[in-house]
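Trainee: If you read the sequence shown in our numbering, its first letter stands for residue -9, the second for the next number, and so on.
Just passing along the structure, written as C-alpha cells.
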Amino acid sequence: MSNKFLLGNQKDLYEAMDDVNRKMEEEEAKAQAKILGLPYIDLHNFPVDLNVLGIFTEEEAKESGAVPFFQEHKDLRIASTDPKHPLLAEKVKELSKKYKVSVYFISRRSLAQVLKFYGKVLRPKAPRDEIVRIEKEENFSAALKGLRPETEQKSKSVTELMEIIFGAAISYGASDIHLEPEEHIVKLRFRVDGVLQDVLHLSKDLQRSLVSRVKLLSKLKLNVENVPQDGRLTFYYLGKPVDVRVSVLPSAYGEEVVMRLLGTGAAGLKLEDLGFRPQPLEVIRKILARPNGMIVTTGPTGSGKTTTLYAFLNELNEPGVKIITLEDPVEYKLEGIVQTPIDHNVDFDFAKGLRAVLRQDPDIVMVGEIRDQETAETAMQAALTGHMVLSTLHTNDAAGAIPRLINMGVRPFIVGPALSAAIAQRLVRKICPYCKEPEALSPMVMEKIMYALKHIPKSADVKLPPHPQFFHSKGCDKCRYLGYAGRVGIYEVLEMTEAVQKLTMAQAPMSEFRRVALEQGMVTMLQDGLLKALDGITDVAEVFRVAGEG
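Rendered as C-alpha cells:
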C-alpha cells in the first residue's frame, strides 16, 4: 500500500471528521437560535455580498461577533454569534435610521468563514457616520446637563453621546476628557484650566459601547482590553478638525480613557500673549535675535512649556529661515514649519530624529524634550555650530536646568557656551473679570506676600504700591461659578551670563546658580505670580497652590 494512498485516506478522514463537527456546531447554533427567538442561518454556502459586508469594519465585526450579509432596498440582515453584544446593539440602533434591520443567529465557525472575506473587501475611508462631526453651534453644556437622567443617556446613540461630550468639552474650554469607570457608574470629567471637574455620571451600561467607539475612531485594537493602548483621532467642530490624543488604560472596573484635545490654539500665539513681564520679555527677544544658542523651558507636565516654545517659533518664523521641529506628538500645526513626529514603534526617538534633522540644513530646531545624554549633547553641539535650538527639560526651577544637564552627562565646557537661557514656568488660573472683587487677606498671609515681594531684586525694576490690594472672584454664570476663566504663565528666567558660566565650569550646586541668578535680577515664579495677583490677573490662593508659599 503506497504512502500516497495512506495520505489520501487520512485527508478524507480529517475532512469527514471536520464535516461532522461543522454539522454538530450548526445544529447547536440552530437550537440556540430557537431559544433566543431569532432566525438561524448557515453562511457557509451563502453568497455574501462584499459591499454589504463593508457596512461593518473588520474590527467591528471581530469585536461584536457579527457581520452584515444581505441587503435589498431597505432590508438589511446581520448575522451574529452574540446578539446582546453592546457594539452590535449600537450598530443596529445606528443602521435602523436607514434600514429595516433583522438579526440572525450563526455559529462561530460560520462567522469565521465570513471574516476571511474582509481581505477581499476594499477598505474605504471611514464612512461619514464613523467620524464625529459637529456641524452646527449648540448649547452643548445644557445638552450635557440634560443627560443626567439615565433614561436620557440611553435614548441617545453613542455617536450622539460623543458629539455632546466633544461639543461640551469645546464649550468648557477643556484640555482633557476623562472617562473613568467605577463600580456602578462611568464618571465623565473635564480638565479645565488645569483642574479636573466632574461633569456627568454615565450609566455603567454605556461603558463598553463608549470605549469601543473611542477605540474604533482611534484605530486601536477593540479586542485587547488588558494592556494600555495609545492612539489618535480627529473630530470636526463647525467644519474645523480637532486632533485628539487618546490613552486607554486597563483598570479594576474596565478600561479608562483619557483624551487630550490638541486643537490649534497656539497657531497664532505671540510672545506678548504668554504673560512675561517687560524685563524678561526683553531678555528673551534679545536671545531669540541671535543666530545660534539654546533656550530650554522647564517645568512639570502640563505647565505650558510646549506652548511657550510654539510662541517662540511664531516669533522666529520668517520666509528666509528653515525651522524643523521634533515632537512627541505634534500638538499644533504651524504653517511654514516642518513638523516631525517621533515614532517609538520604528525606533525613531529624539536622538535619532535630531541627527537626521541636522542634515536637513535647518536654521532653527525645536526638540520636544531632552530626555537623555545623547539628545542633550547633540542639541548643544547644534547650538554651538550655528543653530538656534529650543527644547524642554523636567526640572522644578530655572536654576536646576544647568545641574540637570550636567548630571545627564553633558560636559560643562559644552553647556556653558551653548545654553543661552533657562525658563521655568507654571500656569495659574486667571480670576473671572465679571465677578472680580477686592479680597481681604489675613495678616499672616499678607506677611508672607510682602516678604516675597520685598525680596524682589532692585535691578528687576519693580515698583510696589504703598497699599497693595489683591482680588478674587466669587463665581458667576460667566465662569460657571468657578471664579476662574483661562490661565496665564508665571515665569523665572535665568540668563547665561559670564558669572553663570563660571559656576557651570565649576559644577556648582543648584543653590549657587539660584543665588547668582537673583543677584542678576531674576524674579522667581512665586514673585511673578504675586505681581500678577497684585495686577488683578489671578488671586493669591492660586499662586500659592501652584508655586508654593516660598
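Where is the CB? At the ideal position from N, CA and C, for every residue including glycine.
This structure is a prediction, so every number in the text was calculated from the model and none was measured.
1) Within the chosen definition, does the stretch 213 to 224 reach the stretch 150 to 165 through at least 3 CB pairs nearer than 8 Å?
2) Could you check whether the Cβ of V483 sits closer than 7 Å to any heavy atom belonging to the ligand MN?
3) To the nearest angstrom, how far is it from the Cα of A414 to the Cα of M512?
4) Among residues of its own chain, excluding the 5 on either side of V533, which ones have a beta-carbon nearer than 8 Å to its beta-carbon?
5) Quick one: Cα of P548 to Cα of N282, how far?
6) Leaving out five residues on either side along the sequence, give the residues of the same chain with a beta carbon under 7 Å from the beta carbon of P402.
7) Around the C-beta of I550, are 16 or more other C-beta atoms found within 10 angstroms, so that it is buried, or is it exposed?
8) Report the option in A450, T382, G526 and E367 whose CA atom is closest to the CA atom of E429.
9) What residue range does the alpha helix (DSSP H) around T315 cover?
10) When the Cα atoms are used, what is the spatial distance from H334 to V176?
11) Would V93 pass as a contact of F59 if the rule is Cβ separation under 8 Å?
12) With burial defined as no fewer than 16 other Cβ atoms inside 10 Å of the residue's Cβ, what is the status of L508: buried or exposed?
13) Let me know the alpha helix (DSSP H) ranges lying completely inside the stretch 486 to 526, each 4 residues or longer, listed in chain order.
14) Just grab the DSSP bridge partners of Q459 for me.
15) Below 8 Å between beta carbons: does that hold for A408 and M378?
16) In whole angstroms, what separates the C-alpha of F340 from that of G358?
17) Going by DSSP, what residue range makes up the alpha helix (DSSP H) through E550?
18) Across which residues does DSSP place Q187 in a beta bridge pair?
19) Exposed or buried, what is M14 when buried is set at 16 or more other beta-carbons lying within 10 Å of its beta-carbon?
20) Could you tell me the alpha carbon to alpha carbon distance between K312 and M486, rounded to whole angstroms?
21) For a quick check, are the C-beta atoms of R85 and L101 less than 8 Å apart?
22) Check this for me: beta carbons of I314 and V355, under 8 Å apart or not?
23) Going by other Cβ atoms of all chains shown within 10 Å of its Cβ, with 16 needed for buried, is S97 buried or exposed?
24) Do L252 and V189 have their beta-carbon atoms positioned less than 8 Å apart in this structure?
25) Does DSSP classify H168 as helix, strand or coil?
26) With 16 other CB atoms within 10 Å as the buried threshold, where does L40 fall?
27) Let me know the secondary structure DSSP gives D195 once reduced to three states.
28) My assumption, with CB atoms under 8 Å, is that K426 sits in contact with F460. Please give the rounded CB distance.
29) With H, G and I counted as helix, E and B as strand and the rest as coil, what does DSSP make of R118?
30) According to DSSP, is L261 helix, strand or coil?
31) How big is the Cα-Cα spacing for G27 and S70?
32) At 3 residues or longer, what runs of the beta strand (DSSP E) sit wholly inside the stretch 347 to 389?
33) Can you name the start and end residues of the alpha helix (DSSP H) that I413 belongs to?
34) Looking only at its own chain, which residues have a Cβ that is under 6 Å from the Cβ of L380, when we skip the five neighbours before and after it?
35) My guess is that L271 and L261 are in contact by the Cβ rule of under 8 Å, so how many angstroms apart are they, rounded?
36) Run through DSSP, which three-state label would I396 get?
Mentor: According to the data block:
1) no
2) Looking for the ligand MN in the displayed structure turns up nothing, as the structure carries no ligands at all.
3) 11 Å
4) V418, I480, L516, G519, L520, K522 and A523
5) Nothing in the structure corresponds to residue 548, since the chain is present only between -9 and 540.
6) I396, T494, M495 and Q497
7) Residue 550 lies beyond the residue range present for the chain, which begins at -9 and ends at 540; the question has no answer from this structure.
8) G526
9) No alpha helix (DSSP H) holds T315; the beta strand (DSSP E) holding it covers I313 to E317.
10) 32 Å
11) no
12) buried
13) 488 to 495, 500 to 509 and 515 to 524
14) Note: Q459 sits in no beta bridge, so no partner.
15) no
16) 8 Å
17) Absent from the model: residue 550. The displayed extent of the chain is -9 to 540, so no value can be given.
18) F180
19) exposed
20) 26 Å
21) The sequence shown places Leu at residue 85, rather than the Arg named in the question. It is not a contact, given that the beta carbons lie outside the stated cut-off.
22) yes
23) buried
24) no
25) strand
26) exposed
27) helix
28) With a Cβ gap of about 11 Å, K426 and F460 do not count as contacting.
29) In this prediction, R118 has a pLDDT of 44, which is less than 50 and means its spatial position is unreliable; what the coordinates show is noted afterwards. It is helical.
30) helix
31) 13 Å
32) 354 to 357 and 378 to 383
33) Segment L409 to I421 is the beta strand (DSSP E) holding I413; no alpha helix (DSSP H) there.
34) I285, L299, F302 and M356
35) 6 Å
36) helix
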